[in-house]
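Residue 1 is where the sequence shown starts when you use my numbering, and the numbers rise one by one after that.
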Amino acid sequence: MRKTLITLAILSNVAHADEGMWMPQQLPQVAKELKAAGLKLDPAALTELTEFPMGAIVSPGGCSASFVSPMGLVATNHHCVYGSVAHNSTPERDLLANGFLAKSFAEKLPAAPGSRIFVSKDVSEVSTRIISPTVARLRGKERSDAIEKNEKALVAECEKDAGHRCTVSAFYGGLEYYLIKQLEIRDVRLVHAPPVGVGKFGGDTDNWMWPRHTGDYGFYRAYVGRDGKAADFSKDNLPYVPKHFLKLAKEGVKEGDFVMALAYPGRTDRHRLPSEVAYTFDWNYPAFVKASGESLAIIARETKGNADTTLKYAGQVAGINNYYKNRKGMLDSYAGGDLLARKTQEHAALKAWVDAEPARKKEYAADIEQVEKLIATRDAEGKRDFFLGRSQPRLLTSARTMYRVVNESAKPDAERKAGYQQRDLPRLEAGIAAVERSYDERVDKALVFNNPSQYAAQPQAMRRASFDAALGIKDGSSPAELQAAVDNLYAGSKLGDKTERAAWLKRTPAAFQDSNDSFIKAAVALYDAGLKHEAEDDELGGNIQQSYANYMKAKIAFMKNKGQTIYPAANSTLRVTFGRIAGRQHGVDGTAWTAFDGGHVWPSLSQ
Numbered sequence: 001m002r003k004t005l006i007t008l009a010i011l012s013n014v015a016h017a018d019e020g021m022w023m024p025q026q027l028p029q030v031a032k033e034l035k036a037a038g039l040k041l042d043p044a045a046l047t048e049l050t051e052f053p054m055g056a057i058v059s060p061g062g063c064s065a066s067f068v069s070p071m072g073l074v075a076t077n078h079h080c081v082y083g084s085v086a087h088n089s090t091p092e093r094d095l096l097a098n099g100f101l102a103k104s105f106a107e108k109l110p111a112a113p114g115s116r117i118f119v120s121k122d123v124s125e126v127s128t129r130i131i132s133p134t135v136a137r138l139r140g141k142e143r144s145d146a147i148e149k150n151e152k153a154l155v156a157e158c159e160k161d162a163g164h165r166c167t168v169s170a171f172y173g174g175l176e177y178y179l180i181k182q183l184e185i186r187d188v189r190l191v192h193a194p195p196v197g198v199g200k201f202g203g204d205t206d207n208w209m210w211p212r213h214t215g216d217y218g219f220y221r222a223y224v225g226r227d228g229k230a231a232d233f234s235k236d237n238l239p240y241v242p243k244h245f246l247k248l249a250k251e252g253v254k255e256g257d258f259v260m261a262l263a264y265p266g267r268t269d270r271h272r273l274p275s276e277v278a279y280t281f282d283w284n285y286p287a288f289v290k291a292s293g294e295s296l297a298i299i300a301r302e303t304k305g306n307a308d309t310t311l312k313y314a315g316q317v318a319g320i321n322n323y324y325k326n327r328k329g330m331l332d333s334y335a336g337g338d339l340l341a342r343k344t345q346e347h348a349a350l351k352a353w354v355d356a357e358p359a360r361k362k363e364y365a366a367d368i369e370q371v372e373k374l375i376a377t378r379d380a381e382g383k384r385d386f387f388l389g390r391s392q393p394r395l396l397t398s399a400r401t402m403y404r405v406v407n408e409s410a411k412p413d414a415e416r417k418a419g420y421q422q423r424d425l426p427r428l429e430a431g432i433a434a435v436e437r438s439y440d441e442r443v444d445k446a447l448v449f450n451n452p453s454q455y456a457a458q459p460q461a462m463r464r465a466s467f468d469a470a471l472g473i474k475d476g477s478s479p480a481e482l483q484a485a486v487d488n489l490y491a492g493s494k495l496g497d498k499t500e501r502a503a504w505l506k507r508t509p510a511a512f513q514d515s516n517d518s519f520i521k522a523a524v525a526l527y528d529a530g531l532k533h534e535a536e537d538d539e540l541g542g543n544i545q546q547s548y549a550n551y552m553k554a555k556i557a558f559m560k561n562k563g564q565t566i567y568p569a570a571n572s573t574l575r576v577t578f579g580r581i582a583g584r585q586h587g588v589d590g591t592a593w594t595a596f597d598g599g600h601v602w603p604s605l606s607q
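This is how it looks when you write it as structure tokens:
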């Protein structure tokens with residue numbers, strides 16, 4: 001194993017980037033900066049998603065990856081294969097601890113249920129087809145519904161090309177919309193992951209920190225049917241042959257060299273209003289950090305000494321820890337910086353520019369004022385539902401999903417709510433079927449009890465009567481009464497059984513309504529109130545989309561007037577950033593690379 005690790009050693013490096021996560025089609029707009037940084041390719045060539053190098057960049061869903069061989073080998077991060085490694089692990093064969101290497105094609109393991117490799121094929125702007133003249137005149141829920149209807153129609157037309165997944169993504173707060181077409185490879189197999197001591201060296205202490213000494217890599221392989229088309233898992237499938245793949249630059253890089261990163265970053269909030277910044281750092285992130293810390297402590301306590309449950313919750317713990325560390329770091333940076341003051345100054349400058357010219361004021365001022373009010377309403381709802389969102393038992397979530405599926409399935413596909421159409425059923429069914437691989441009743445019950453106790457302690461105006469009734473929560477309930485209500489909910493259900501859950505997906509709404517299963521009964525009791533809450537969200541969301549889009553239109557015009565180009569916040573779509581290899585100087589020497597011998601900084605971990 002030592003020889004393999006040395007052979008595959010990845011030396012971490014840091015690049016000083018020209019600020020921005022650019023859409024590929026924007027690169028010609030920053031061609032001057034790209035050329036100055038050292039790009040030798042024609043920036044226009046980087047707008048072609050099916051050509052090199054863009055055609056080699058893929059997404060495993062929620063992560064970034066690249067084809068690195070002519071036989072569908074995919075290189076990604078260790079944390080991106082973590083769930084698949086955990087899924088294939090048992091106490092007797094702990095692949096997380098020991099790592100995994102398939103020494104032949106036959107030894108590869110199926111990735112976790114629902115795993116996909118998405119290969120982008122086409123991106124086209126569809127803004128005027130989503131916000132048509134008719135939609136532009138609508139407000140509130142009518143606007144939300146019309147946007148969703150148009151999105152579903154475009155997706156349905158696009159997905160007539162079998163084996164592809166199509167998505168409409170909003171940019172600049174709904175000012176622009178793009179239809180993204182991707183090949184959806186459904187047979188994904190685990191090839192290699194190093195032991196967690198390498199792939200997550202330094203643990204959560206090192207996460208989000210520099211320097212890094214982590215072997216953060218893993219490999220999948222993509223498979224398709226013998227006809228070359230996307231197919232479900234089969235021993236007869238063959239490795240996918242990509243049109244393009246990346247090759248390792250054996251000569252390496254040196255300080256000052258141009259580098260470019262192509263990836264699918266999840267989400268950033270680049271264009272948030274000052275009020276959104278204040279809400280995030282003054283309330284949301286502190287509440288999240290506190291709740292996440294409690295969840296991690298509960299999982300650690302309830303899984304201690306039990307290898308099976310520890311493995312079941314390994315992926316969840318890794319996910320919680322990732323955001324827990326990130327949010328804590330952001331809070332520390334925010335406390336030592338002037339972000340809110342800068343955002344407030346920038347926003348004031350924008351409003352002053354808008355107000356300085358009558359035509360601009362007429363076009364933008366009302367929506368800028370309106371979006372500030374709407375965001376305040378949304379943030380108040382976020383506070384109200386924070387503990388509610390964390391108080392739902394895992395099996396109640398499954399029950400509510402199943403009841404929604406059978407209700408939506410009675411409608412024509414085009415009329416179903418997005419997320420519950422025929423195209424979504426394989427994903428939903430896979431998630432429901434795989435519950436027990438990451439679920440333990442004792443752990444879930446402990447997590448659930450912690451949150452409803454805080455939820456129930458809130459004033460009645462901060463709670464939802466339908467949820468209280470479904471879970472048996474009463475005003476002034478004692479901890480013992482809450483525990484009894486939670487215990488009764490779990491004791492009265494058989495949904496912990498995989499076969500039982502699968503059977504419910506084939507039943508009718510009437511069968512749900514007649515059921516005595518406690519989680520099914522709760523799902524039915526919550527259904528109408530859930531639809532009402534969803535409609536309220538759609539009403540608010542439709543109004544926010546209208547005003548926020550115009551706010552972003554004003555901001556783009558304002559920045560253009562200053563000679564600056566802006567990019568949209570990240571939204572899990574393909575982006576490009578670029579810069580030069582360099583170290584960091586913040587009071588401590590930071591070279592451009594780390595290497596294995598740097599591990600002596602943490603002797604206990606390096607052992």
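Every residue gets a Cβ at the ideal spot worked out from N, C-alpha and C, and that includes glycine.
Small disclaimer: the values here were computed from a predicted structure and weren't measured.
message: For the structure I just gave you, are there three or more beta carbon pairs, one from the region 116-130 and one from the region 37-57, closer than 8 angstroms?
response: A contact exists between the region 116-130 and the region 37-57.
task: Please check if any C-beta of chain B sits within less than 8 angstroms of the C-beta of Glu19.
output: Absence of chain B from the displayed structure is noted, only one protein chain being present.
query: With burial defined as no fewer than 16 other Cβ atoms inside 10 Å of the residue's Cβ, what is the status of Pro426: buried or exposed?
result: Under this definition Pro426 is an exposed residue.
message: Quick check on the DSSP output: the alpha helix (DSSP H) that includes Gly382 runs from which residue to which?
response: Boundaries of the alpha helix (DSSP H) around Gly382: 366-384.
message: Using the Cβ count rule (16 or more neighbours within 10 Å means buried), how would you classify Trp22?
response: Trp22 counts as buried, since at least 16 other C-beta atoms from the protein chains shown sit within 10 angstroms of its C-beta.
message: By the three-class DSSP mapping on this structure, what secondary structure does Cys610 have?
response: With the chain covering only 1 through 607, there is no way to say anything about residue 610.
query: Under a Cβ-count criterion, where at least 16 other Cβ atoms within 10 Å of its own Cβ denotes burial, should Arg165 be classed as buried or exposed?
result: It is buried - the Cβ of Arg165 has at least 16 other Cβ atoms within 10 Å.
- prompt: Do you know how far the Cα of Ser127 is from the Cα of Ala348?
  reply: Their backbone Cα atoms lie some 29 angstroms apart in a straight line.
query: Are there 16 or more other CB atoms within 10 angstroms of the CB of Thr303, so buried, or fewer, so exposed?
result: Thr303 comes out buried.
4-residue-minimum alpha helix (DSSP H) runs that sit fully inside the region 391-455, ordered along the chain: Counting only runs of 4 or more residues that sit fully inside the region 391-455, the alpha helix (DSSP H) segments are 394-408, 425-433, in chain order.
- request: Would you mind sorting Asp468 into buried or exposed? The rule is 16 or more other CB atoms within 10 Å of its CB.
  value: Under this definition Asp468 is a buried residue.
- prompt: Taking DSSP as the reference, what is the three-state secondary structure of Leu190?
  reply: In the structure shown, Leu190 sits in a strand (DSSP, three-state: E or B).
Simplified DSSP assignment, three categories, for Pro286: The three-state secondary structure of Pro286, taken from DSSP, is helix.
task: Determine the direct distance from the alpha carbon of Arg390 to that of Leu11, and round the result to whole angstroms.
output: Confidence at Leu11 is low in this model, with a pLDDT of 33, below 50, so the placement of that residue should be treated as unreliable; the coordinate-derived value is given next. A straight-line Cα-Cα distance of about 39 angstroms links Leu11 and Arg390.
task: Check whether the Cβ atoms of Val188 and Ala162 sit closer than 8 angstroms, and answer yes or no.
output: No; because the gap between Cβ atoms is not below 8 angstroms, this pair is not in contact.
query: Helix or strand or just coil, what does DSSP make of Ile581?
result: In this structure, Ile581 counts as strand in the three-state DSSP scheme.
query: Which residues in the same chain as Asp413 place their Cβ atom closer than 6 angstroms to its Cβ, once the five residues preceding and following it in sequence are excluded?
result: Apart from sequence neighbours up to five positions away, the residues of its chain that approach Asp413 with a beta-carbon distance below 6 angstroms are Gln421, Gln422, ordered along the chain.
field: Start and end residues, beta strand (DSSP E) containing Thr205
entry: First-last for Thr205: 203-206, but that is the alpha helix (DSSP H), not the beta strand (DSSP E).
query: So who's on the other strand from Glu176, going by DSSP bridges?
result: Here Glu176 is bridged, per DSSP, to Phe171.
C-beta contact flag for Ile185 and Ala153 at 8 angstroms: Contact: no.
query: Name the DSSP beta bridge partners of Ser518, please?
result: Answer is none; Ser518 lacks a bridge partner.
field: Own chain, CB closer than 8 angstroms to Gly20, minus 5 neighbours either side, in chain order
entry: When the five nearest sequence neighbours on each side are left out, the beta carbons in the same chain lying within less than 8 angstroms of the beta carbon of Gly20 are those of Val30, Tyr567, Thr577, in order along the chain.
query: Name the DSSP bridge partner or partners of Ile117?
result: Answer is Ile185, bridged to Ile117.
- prompt: Which one or two residues does DSSP pair with Tyr220 in a beta bridge?
  reply: DSSP lists Val74, Leu190 as the bridge partner or partners of Tyr220.
- prompt: Closest by CA to Glu33, which one among Gln460, Val241, Asp475, Phe258?
  reply: Checking every option, the nearest Cα to that of Glu33 belongs to Phe258.
- request: Report buried or exposed for Pro393, applying the criterion of at least 16 other Cβ atoms within 10 angstroms of its Cβ.
  value: Pro393 should be labelled buried.
query: What's the gap between the Cα of Ser64 and the Cα of Ala485?
result: Answer to the nearest angstrom: the Cα atoms are 43 angstroms apart.
message: Using a Cβ-Cβ cutoff of less than 6 angstroms, which residues in the same chain neighbour Phe288 once the five nearest sequence positions on both sides are dropped?
response: Cβ-Cβ distances below 6 angstroms link Phe288 to Arg327 in the same chain, with the five nearest sequence neighbours on each side left out; the list follows chain order.
Cβ-Cβ distance between Gly542 and Arg143 below 8 angstroms: For the pair Gly542 and Arg143, the CB atoms are nearer than the 8 angstroms cut-off.
- request: Put Val241 into one of helix, strand or coil per three-state DSSP.
  value: Coil.
field: Spatial neighbours of Pro509 in its chain, beta-carbon cut-off 6 angstroms, leaving aside the 5 residues before and after
entry: Val406, Asn407, listed in sequence order.
query: Is Asn207 buried or exposed, if buried means 16 or more other CB atoms sit within 10 Å of its CB?
result: By the C-beta density criterion, Asn207 is buried, having at least 16 other C-beta atoms within 10 angstroms.
task: Would you mind reading off the limits of the alpha helix (DSSP H) that contains Phe467?
output: Looking at the DSSP string, the run of the alpha helix (DSSP H) that includes Phe467 is 465-471.
- prompt: If Ala529 sits next to Arg464, beta carbons under 8 angstroms apart, how far is it from one beta carbon to the other, in whole angstroms?
  reply: Contact holds; Cβ gap of about 7 angstroms.
- request: Identify, in the order they occur along the chain, each residue of the same chain with its Cβ nearer than 6 angstroms to the Cβ of Ala170, setting aside the five sequence neighbours on each side.
  value: Tyr177, listed in sequence order.
query: By Cβ distance below 8 angstroms, which residues in the same chain neighbour Glu272 in space, the five residues on each side in sequence not counted?
result: It should be pointed out that residue 272 corresponds to Arg in this sequence rather than to Glu. If the five residues before and after Arg272 are omitted, its C-beta is found closer than 8 angstroms to the C-beta atoms of Thr280, Lys343, all from its own chain and listed in chain order.
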